[in-house]
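Student:
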Amino acid sequence: MLRYALKRLGLGIVIVSVAMMMLFAMVYVIPGDPASVALGPRATPQMIEALRARMGLDQPIWMQFLKFYTSAFRGDLGTEVLSGRQVLDVVFEQVPFTLALIAGAISWSVLLGIPLGCIAAVRRGGFVDRVVGILSVAVIALPSFVIAIYSLLIFAVALRWLPAIGAGEPGNLKSQLMALILPSLAVGLGWVGYIARMVRASMLETLEASHIRTARAFGLSDRRITYSYALRIAILPTITLLGVGIGHMLSSSVFAEIVFARPGIGKLVYEAISVRNYPIVTGAVLVTTVFFVVVNVLADIVIGALDPRVRASFD
Amino acid sequence: MTVLDVRDLSVDFATEDGALQALKKVELTVPKNRIVGVVGESGCGKSTLINAILGLLADNGSVTSGRILFEEGQDLAHLDGAAMRALRGRKIATVFQDPMGALNPVLSVGRQMRDIQYRSGLSRREKDTRSVAMLRKVRIPDPEKRLAQFPHEFSGGMKQRIAIAMALMMEPSLLIADEPTTALDATLEVTIIELLKELQQQIGCSVLFISHHLGVIAELCDEMIVMYAGEVVERGTTRDIFHNARHPYTRKLLACDPARLSHRAARLPTIPGTLPDLRRRPAGCVFQARCEIADGVCSTMPPDAVVTEGHVARCWHTSEALAVEATA
Amino acid sequence: MSEQALIERRPLTRLGGLGRTLRRIMREPLGALGLSLVVFVVLMALFADVLASYPSTKLSPADRFQPASWQHLLGTDHLGRDLFSRVLHGGRIALAIALGATGASLVIGIVLGLIAGYGPRWLDNLMLLLFDALKSFPTVMLALTLVTLTGPSLTAVVVVVVLVSVPGYARIIRTQTLVLKSAEHVMAARSMGASTARILAVHIMPNVIGPILILASMDIPVVVAIEAGLSFLGLGVRPPMPSWGSILNDGFANIRDSYWIVVAGGLPIVLTTLGFTFLGETLRDVFDPRLRGRG
Numbered sequence: 003m004l005r006y007a008l009k010r011l012g013l014g015i016v017i018v019s020v021a022m023m024m025l026f027a028m029v030y031v032i033p034g035d036p037a038s039v040a041l042g043p044r045a046t047p048q049m050i051e052a053l054r055a056r057m058g059l060d061q062p063i064w065m066q067f068l069k070f071y072t073s074a075f076r077g078d079l080g081t082e083v084l085s086g087r088q089v090l091d092v093v094f095e096q097v098p099f100t101l102a103l104i105a106g107a108i109s110w111s112v113l114l115g116i117p118l119g120c121i122a123a124v125r126r127g128g129f130v131d132r133v134v135g136i137l138s139v140a141v142i143a144l145p146s147f148v149i150a151i152y153s154l155l156i157f158a159v160a161l162r163w164l165p166a167i168g169a170g171e172p173g174n175l176k177s178q179l180m181a182l183i184l185p186s187l188a189v190g191l192g193w194v195g196y197i198a199r200m201v202r203a204s205m206l207e208t209l210e211a212s213h214i215r216t217a218r219a220f221g222l223s224d225r226r227i228t229y230s231y232a233l234r235i236a237i238l239p240t241i242t243l244l245g246v247g248i249g250h251m252l253s254s255s256v257f258a259e260i261v262f263a264r265p266g267i268g269k270l271v272y273e274a275i276s277v278r279n280y281p282i283v284t285g286a287v288l289v290t291t292v293f294f295v296v297v298n299v300l301a302d303i304v305i306g307a308l309d310p311r312v313r314a315s316f317d
Numbered sequence: 146m147t148v149l150d151v152r153d154l155s156v157d158f159a160t161e162d163g164a165l166q167a168l169k170k171v172e173l174t175v176p177k178n179r180i181v182g183v184v185g186e187s188g189c190g191k192s193t194l195i196n197a198i199l200g201l202l203a204d205n206g207s208v209t210s211g212r213i214l215f216e217e218g219q220d221l222a223h224l225d226g227a228a229m230r231a232l233r234g235r236k237i238a239t240v241f242q243d244p245m246g247a248l249n250p251v252l253s254v255g256r257q258m259r260d261i262q263y264r265s266g267l268s269r270r271e272k273d274t275r276s277v278a279m280l281r282k283v284r285i286p287d288p289e290k291r292l293a294q295f296p297h298e299f300s301g302g303m304k305q306r307i308a309i310a311m312a313l314m315m316e317p318s319l320l321i322a323d324e325p326t327t328a329l330d331a332t333l334e335v336t337i338i339e340l341l342k343e344l345q346q347q348i349g350c351s352v353l354f355i356s357h358h359l360g361v362i363a364e365l366c367d368e369m370i371v372m373y374a375g376e377v378v379e380r381g382t383t384r385d386i387f388h389n390a391r392h393p394y395t396r397k398l399l400a401c402d403p404a405r406l407s408h409r410a411a412r413l414p415t416i417p418g419t420l421p422d423l424r425r426r427p428a429g430c431v432f433q434a435r436c437e438i439a440d441g442v443c444s445t446m447p448p449d450a451v452v453t454e455g456h457v458a459r460c461w462h463t464s465e466a467l468a469v470e471a472t473a
Numbered sequence: 005m006s007e008q009a010l011i012e013r014r015p016l017t018r019l020g021g022l023g024r025t026l027r028r029i030m031r032e033p034l035g036a037l038g039l040s041l042v043v044f045v046v047l048m049a050l051f052a053d054v055l056a057s058y059p060s061t062k063l064s065p066a067d068r069f070q071p072a073s074w075q076h077l078l079g080t081d082h083l084g085r086d087l088f089s090r091v092l093h094g095g096r097i098a099l100a101i102a103l104g105a106t107g108a109s110l111v112i113g114i115v116l117g118l119i120a121g122y123g124p125r126w127l128d129n130l131m132l133l134l135f136d137a138l139k140s141f142p143t144v145m146l147a148l149t150l151v152t153l154t155g156p157s158l159t160a161v162v163v164v165v166v167l168v169s170v171p172g173y174a175r176i177i178r179t180q181t182l183v184l185k186s187a188e189h190v191m192a193a194r195s196m197g198a199s200t201a202r203i204l205a206v207h208i209m210p211n212v213i214g215p216i217l218i219l220a221s222m223d224i225p226v227v228v229a230i231e232a233g234l235s236f237l238g239l240g241v242r243p244p245m246p247s248w249g250s251i252l253n254d255g256f257a258n259i260r261d262s263y264w265i266v267v268a269g270g271l272p273i274v275l276t277t278l279g280f281t282f283l284g285e286t287l288r289d290v291f292d293p294r295l296r297g298r299g
C-alpha cells in the first residue's frame, strides 16, 4: 500500500513540475511583458524597467526559470505588485470559500447522483431509468454559468427563497449554508448527471458478476446484495470521476463566485485580471493546479485502499 | 428417502427468435447422503438445471412444466421468492465453477462468511469462531489471520476451499457443486475432490455434482445422469453407466474421454456434428442428427428404455448400441 | 500479390450513407429531438440577416429595456438593441467559433496523436506527460491566465479551446494507432516497404477517423459553452459584436428589473448545447457504443 501511494505521489510531483514549466513557458512565450501589462498603457519606460528589475525579469531566462522553481517549491510565489503582500497569503485567504463551494457541489452530486444511478440500474429499462438517463445527459450538457444565472433568477430574484449574493454572515452557519445552496448547485448539477450515469453503468456491470450470483445462492437479500455487495464496487469509479471532476468544478466555481458575488479563488483571479495583477493570476492558477493534482493523487490512494485489486495491479 | 426429486422439468427462455427450450422433461433424483453426477457437453443445460433448482433463472426464463420436489415435498419450481431465499444457503448451498470471481473482491473473507450466517442468530464473535472452525476443516492454514484478508490474497485452490467452507458452513442438506474443479489444475483437483467427499460424509449431506470430466464423476459419484441438449438421455448408477452404457451419446462421450482411450491417438476423438437449435427441436430423438445408428423410428420420440433396475436410457436402439461398437 | 490484396480493412466505425444515418438517428426520440434542435439553431444562424428585422448593433436609446413583444420578440437590452437580432447574429459567431476551434483541435490532435503512437517510445512518453500536465490546469483558470497576457480576443478563445481539447483527441488517436501499428495488414504493408507517411495516410487514418469525429461532434457543445462563458466574463468576443455570453453579461447587470435579457442570452445556449449533446449521444450509441463513457 505504501509503495503504491509513493508511486502515485511521485507521478503527481512530476506532473506538477511539468505544469509549472508550461505556465512559465506560457508567460515567457506569449508576446507582452508582464511588467508592462501590470503597469498599464500609461507607464513610462523607466517605470517598466524598475518593475522588471523588481520582478527579476531582467535576468537571463534560465535564472528566472530556476528561481521560479526553487521559490515555488519553498511556497514563495512572489509578492503582489502593488500592495507588496505575499501572493500565497492573498490566495490562501480565499481558499476556504472555494473549498466550501466545491464541498457543497460534491455533496449535491454524490447525494443525488448515487441514489439516482442506483435506482436507474435496479429499474433498468423502466420509466425511471429513461427519465434519469435523459435528465443526466441534459444537466451534463448545460454550462454551469447558465445554470447559475437561471437559478439566481428563479430562486433568488423571482421567488426570493435564497440569498442572491455573498457567502453569508461570518460566524452564522445557517446563513452561510443558505448562501451556499445555489452556487454549489450550479457547480454540482452537471456532476449529478455524470455520477448517476456512471453509477448506473458500473452497477449493471457489477450485478452481472459471478460473486453476485454466489451471494444470491447463499440467500442474501436483494437489498443487501444491491446496496452493500454491488454498490460497494459500483461506487468506486465515482471517486476517480470526482477526482477528475474537481478540475471542472474549479472552473465552474469561477462563474458561480462571480454570479453570486461570493469571495473565492475564482473571483480573486477575475478581479486580478481587470487590474492586471499578474502575479496573483499565476499564483492562484498554480495553487489550484497543485490542489487538483493532489486531489487526484488522493483519489487514487483512496481507491487503492478501498479496492484491493487496484493495489495489486499497480505492483 | 430422497432429498431432491426433479420430475418432468421443462424450462423455456424467451428470445427474439421465439422460445428456446433449454430443458425438456428432465428427470433426476438425489437420494439422501448420496452424490449424484450430471455429465454433458457445454450447452447441454447443466447451468439452467442449477439455476432452476436455486430459483435463479434469468428474467426471460420460466419453468413451463414439471416439479422440483425438495426434502418433504416443497416444490421449488413454484415456491415464492422469499421462501426460496430462505432455503438458499441454508438448506441448499452452491459451489460455483470460477473460484476467482465467486467471492466479492472488496469485502474480506471474514465479512462474507459472517454475512451468510445472518439467519443463525449468533453474535459476531460466535459467527467468526464458526468461520474459523470451517476454514480449518477445509485446511486453510492460520485461519484466524486469514479471516481479515481479501479474496485476491488467496490462490485459486484456496479460494475454492473457502467457497466450499462457506457452502457447508450452514450444514445444508443439498450441496450443488457446479464444475468446482474445472478451473483448477489436476493435482489441486484431486485434493478438492477428496476434501468434498470427506466433508460430505462428515456432514451427511447429498451432493449434486456437475462436471464434464468423466474421471471425476467416476471417482466421486454414486449415481449419474447424462444430459444432451437439455434432455436426460441416460441415468443410473455410475458403475452401470460406465460399464454398460446404452445410449449412443453416452457411449460416444465415454469413447472421447482421454483417460479411457485404450490406444494412443494422434488426435483426441470428438463427436462429429453440433448441438441442435433449441428453438427448433427435432421431432423425436434429440441426438439423431449425430447418431450413427439412427433410423426412421428415431424421428418419433424414443421411450425411456429400462436397461436394468434404475438404469434408463432414452433410445430406441439400446441393444443395437452395444452391437455396433463391437463390430466397429 | 499487390499491397492492396493484403489489406484487410476493418474500420472501427463506418458512417454509412447519409440517408441511412439520418433514419437511424430519427428512430431514437432523443436523437430526433437533438437533430431538430441543431437544424433549428443552424438555420436561425444562417438566415440571421433575413429573419432579424433590426441590425444587431444598432443602438436605440428610446427603446431601452423593452420586454418581449411583437416588435421585439425577445425584448431589448440596456442600449435599446433588439435582442432577437443579437441572438441570431451571436449564433453565427458561436457556431463559427465552435466549428473553427474544433476543426483546429482535431487537426492538431490527430497529428500529435499519430506522432505519439507511431513515433519512438521516449517521444510518446514525453507527450503523454505534457498532455497530463496540460489537463491538470482547470480550463477557466488556463483561459484567465492566457487572456490576462494577451487581452481578450476571438483568437484567445480559439487557443483556449485548442489547448483544452487537443490532449483528449491526441490520446485516443495514439491508442488506436498503437493497436493498429501491430495489426496484420499494417505489418504486411510495412514489410512491403510502404513509407511511414503512406501507412499513416492509407492504413491508419481511415480506421481512427470515425470515432474521433463522433467525439468531436460531442465536443461542440463544450466549445459553445467555453466561448459563451469567456464572453460572459468579458474575456471573449468584444463588444459591440454580439455573443450569447455577452448578452448574458448585459442582462446579468440588470437581472432584478429586466429578466428577459438573461433569458434571451441563456436560451440559445441551452438549446444549442442540449441539441448537439443529444445528437452526439445518439450518434455514439448508434455507431460506436464502445466510446460510451469517454465523452
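Protein chains in written order, with my numbering: chain D, 3 to 317; chain U, 146 to 473; chain V, 5 to 299.
C-beta: ideal position from N, C-alpha, C; glycine also.
Note that the coordinates shown come from a computational prediction; the quantities given were computed from them, not determined experimentally.
Using a Cβ-Cβ cut-off of less than 8 Å, give me the residues of the segment 141-154 of chain V that come near chain D, in sequence order.
Tutor: From the segment 141-154 of chain V, only F141, P142, T143, V144, M145, L146, L148, T149, L150, V151, T152, L153 and T154 have a Cβ closer than 8 Å to chain D.
Student: Short of 6 Å in beta carbon distance, which residues of its chain neighbour U:H392, apart from the five on each side in sequence? Order them along the chain.
Tutor: On the second sequence, residue 392 of chain U is found 247 positions in, with the first residue counted as 1. These residues qualify, in order along the chain: V378, E379, A458 and C460.
Student: Report the rounded CA-to-CA distance for U:C430 versus U:A390, giving the unit in angstroms.
Tutor: Taking the first residue of the second sequence as 1, we reach residue 430 of chain U at position 285. Taking the first residue of the second sequence as 1, we reach residue 390 of chain U at position 245. C-alpha separation (whole angstroms): 17 Å.
Student: Nearest CA to the CA of D:L144: which residue from V:V228, V:P246 and V:R24?
Tutor: Your numbering for residue 144 of chain D matches position 142 in the first sequence. When each option's Cα is compared against that of D:L144, the closest is V:V228.
Student: Can you say whether D:F70 is buried or exposed, counting buried as having 16 or more other CB atoms within 10 angstroms of its CB?
Tutor: As a first step, residue 70 of chain D is located in the first sequence; it is residue number 68 there, counting from the start. The residue is buried, with at least 16 neighbouring Cβ atoms inside 10 Å.
Student: Mind pulling the alpha helix (DSSP H) runs of 4 or more residues that sit fully within the segment 45-133 of chain D?
Tutor: Here the runs fully enclosed are 47-57, 63-75 and 89-124.
Student: I need the straight-line Cα distance from U:V352 to U:I321, nearest angstrom please.
Tutor: Indexing the second sequence from 1 puts residue 352 of chain U at position 207. Indexing the second sequence from 1 puts residue 321 of chain U at position 176. When rounded, the distance between both Cα atoms is 6 Å.
Student: Does the segment 205-225 of chain D come within contact of the segment 110-126 of chain D, defined as at least 3 CB pairs closer than 8 Å?
Tutor: Touching, yes.
Student: From D:D91 to D:G77, what distance separates their C-alpha atoms?
Tutor: By 1-based counting over the first sequence, the position of residue 91 of chain D is 89. By 1-based counting over the first sequence, the position of residue 77 of chain D is 75. In a straight line, the C-alpha of D:D91 is about 10 Å away from that of D:G77.
Student: Going along the chain, which residues of the segment 129-145 of chain D sit with their C-beta nearer than 9 Å to a C-beta in chain V?
Tutor: Residues G135, I136, V139, A140, I142, A143, L144 and P145.
Student: What's the gap between the Cα of D:L137 and the Cα of D:V296?
Tutor: Residue 137 of chain D sits at position 135 when you count from the first residue of the first sequence. Residue 296 of chain D sits at position 294 when you count from the first residue of the first sequence. Answer to the nearest angstrom: the Cα atoms are 31 Å apart.
Student: Evaluate contact between the segment 280-294 of chain V and the segment 175-192 of chain D, counting only Cβ atoms and requiring at least three cross-stretch pairs below 8 Å.
Tutor: Contact between the segment 280-294 of chain V and the segment 175-192 of chain D is absent, because fewer than three Cβ pairs lie under 8 Å.
Student: With 7 Å as the C-beta to C-beta threshold (strictly closer), list the residues of the segment 256-273 of chain V near chain D in chain order.
Tutor: Listed in sequence order: F256, I259, R260, Y263, V266, G270 and I273.
Student: Report yes or no: is there a C-beta of chain D within less than 8 Å of the C-beta of V:P225?
Tutor: Against the third sequence, residue 225 of chain V aligns to sequence position 221. By this cut-off, V:P225 is an interface position.
Student: If the criterion is Cβ atoms closer than 8 Å, does the pair U:L149 and U:V175 meet it?
Tutor: By one-based count along the second sequence, residue 149 of chain U stands at place 4. By one-based count along the second sequence, residue 175 of chain U stands at place 30. Yes, Cβ-Cβ distance for U:L149 and U:V175 is below 8 Å.
Student: Answer with yes or no whether the minimum CB distance from D:D60 to chain U is below 8 Å.
Tutor: Here residue 60 of chain D refers to the residue found at position 58 when the first sequence is read from its first residue. D:D60 does not count as touching chain U.
Student: When you compare only the Cα positions, how much space is there between V:V163 and D:L308?
Tutor: The residue given as residue 163 of chain V occupies position 159 in the third sequence. The residue given as residue 308 of chain D occupies position 306 in the first sequence. Answer to the nearest angstrom: the Cα atoms are 40 Å apart.
Student: List, in chain order, every chain V residue whose beta-carbon is nearer than 8 Å to that of D:Y272.
Tutor: Locating residue 272 of chain D in the first sequence gives position 270, counting from the first residue. Near D:Y272 (Cβ distances below 8 Å), the residues of chain V are L148 and L237.
Student: Determine the extent of the beta strand (DSSP E) in which U:S90 is found, giving its start and end residues.
Tutor: Shown here, chain U extends from 146 to 473; a query on residue 90 of chain U therefore has no answer.
Student: Considering only their Cβ atoms, is the gap separating D:I260 from D:L270 smaller than 8 Å?
Tutor: Taking the first residue of the first sequence as position 1, residue 270 of chain D is located at position 268. Taking the first residue of the first sequence as position 1, residue 260 of chain D is located at position 258. For D:L270 and D:I260, no; Cβs fall outside 8 Å.
Student: State the DSSP-derived secondary structure class of D:S223, mapped to helix, strand or coil.
Tutor: Locating residue 223 of chain D in the first sequence gives position 221, where the first residue counts as 1. Here D:S223 sits in coil by DSSP.
Student: Hey, U:V171 and U:L199: beta-carbon distance below 8 Å or not?
Tutor: Translated into positions along the second sequence, residue 171 of chain U becomes position 26. Translated into positions along the second sequence, residue 199 of chain U becomes position 54. Against a cut-off of 8 Å, the Cβ pair of U:L199 and U:V171 comes out as no contact.
Student: Listed from N- to C-terminal order along the chain, which residues in the segment 250-263 of chain D have their beta-carbon within a distance smaller than 9 Å of any beta-carbon of chain V?
Tutor: Under the 9 Å Cβ criterion, the segment 250-263 of chain D contributes H250, M251, L252, S253, S254, S255, V256, F257, I260 and V261.
Student: Going by the DSSP bridge assignment, what does D:D309 pair with across the sheet?
Tutor: Residue mapping note: residue 309 of chain D aligns to position 307 of the first sequence, counting from 1. In the DSSP output, where bridge partners are listed per residue, D:D309 has none listed.
Student: If you draw a straight line from the alpha carbon of U:Q433 to that of U:R306, how long is it in whole angstroms?
Tutor: Taking the second sequence and counting its residues from 1, one reaches residue 433 of chain U at position 288. Taking the second sequence and counting its residues from 1, one reaches residue 306 of chain U at position 161. Going from the Cα of U:Q433 to the Cα of U:R306 covers about 41 Å.
Student: Taking the alpha-carbon positions, what's the D:Y59 to D:S253 distance?
Tutor: Locating residue 59 of chain D in the first sequence gives position 57, where the first residue counts as 1. Locating residue 253 of chain D in the first sequence gives position 251, where the first residue counts as 1. The residue you asked about is not Tyr; residue 59 of chain D is Leu in the sequence shown. Rounded to the nearest angstrom, the two C-alpha atoms are 30 Å apart.
Student: By Cβ distance below 8 Å, which residues in the same chain neighbour V:A36 in space, the five residues on each side in sequence not counted?
Tutor: Stepping through the third sequence from its first residue, residue 36 of chain V is reached at position 32. Only I29 and M30 meet the Cβ criterion.
Student: What is the C-beta distance between D:G285 and D:G12, in whole angstroms, given that I count them as a contact (C-beta under 8 Å)?
Tutor: Position 283 of the first sequence, counting from 1, holds the residue named residue 285 of chain D. Position 10 of the first sequence, counting from 1, holds the residue named residue 12 of chain D. Going by Cβ atoms, the distance from D:G285 to D:G12 rounds to 25 Å, so no, they are not a contact pair.
Student: Do D:L53 and D:S255 have their beta-carbon atoms positioned less than 8 Å apart in this structure?
Tutor: Stepping through the first sequence from its first residue, residue 255 of chain D is reached at position 253. Stepping through the first sequence from its first residue, residue 53 of chain D is reached at position 51. Not closer than 8 Å, so no.
Student: Assess contact between the segment 182-201 of chain V and the segment 150-160 of chain V, defined as three or more Cβ pairs (one per stretch) separated by less than 8 Å. Is contact present?
Tutor: With a cut-off of 8 Å, the segment 150-160 of chain V and the segment 182-201 of chain V do not count as touching, because too few Cβ pairs lie within range.
Student: If you follow the beta strand (DSSP E) that V:R178 is in, where does it begin and where does it stop?
Tutor: The residue given as residue 178 of chain V occupies position 174 in the third sequence. Note, V:R178: premise wrong, no beta strand (DSSP E); alpha helix (DSSP H) at L158 to K185.
Student: Give, in chain order, every residue of the segment 227-245 of chain D whose Cβ lies closer than 7 Å to some Cβ of chain U.
Tutor: Under the 7 Å Cβ criterion, the segment 227-245 of chain D contributes Y231, R234 and I235.
Student: Is the segment 263-270 of chain U touching the segment 282-297 of chain U in the sense that three or more CB pairs, one from each, lie closer than 8 Å?
Tutor: Verdict: no, contact absent.
Student: Hey, how far is the Cα of D:V289 from the Cα of D:V97?
Tutor: Start at 1 with the first residue of the first sequence, and residue 289 of chain D comes out as number 287. Start at 1 with the first residue of the first sequence, and residue 97 of chain D comes out as number 95. Their Cα atoms are separated by approximately 9 Å.
Student: Taking the continuous beta strand (DSSP E) assigned at D:Y196, which residues delimit it?
Tutor: Stepping through the first sequence from its first residue, residue 196 of chain D is reached at position 194. Run containing D:Y196: none in the beta strand (DSSP E); it sits in the alpha helix (DSSP H), L175 to L209.
Student: Within 8 Å (strictly less), CB to CB, does V:E285 reach chain D?
Tutor: Residue mapping note: residue 285 of chain V aligns to position 281 of the third sequence, counting from 1. For V:E285, the answer is yes, since a Cβ of chain D falls inside 8 Å of its Cβ.
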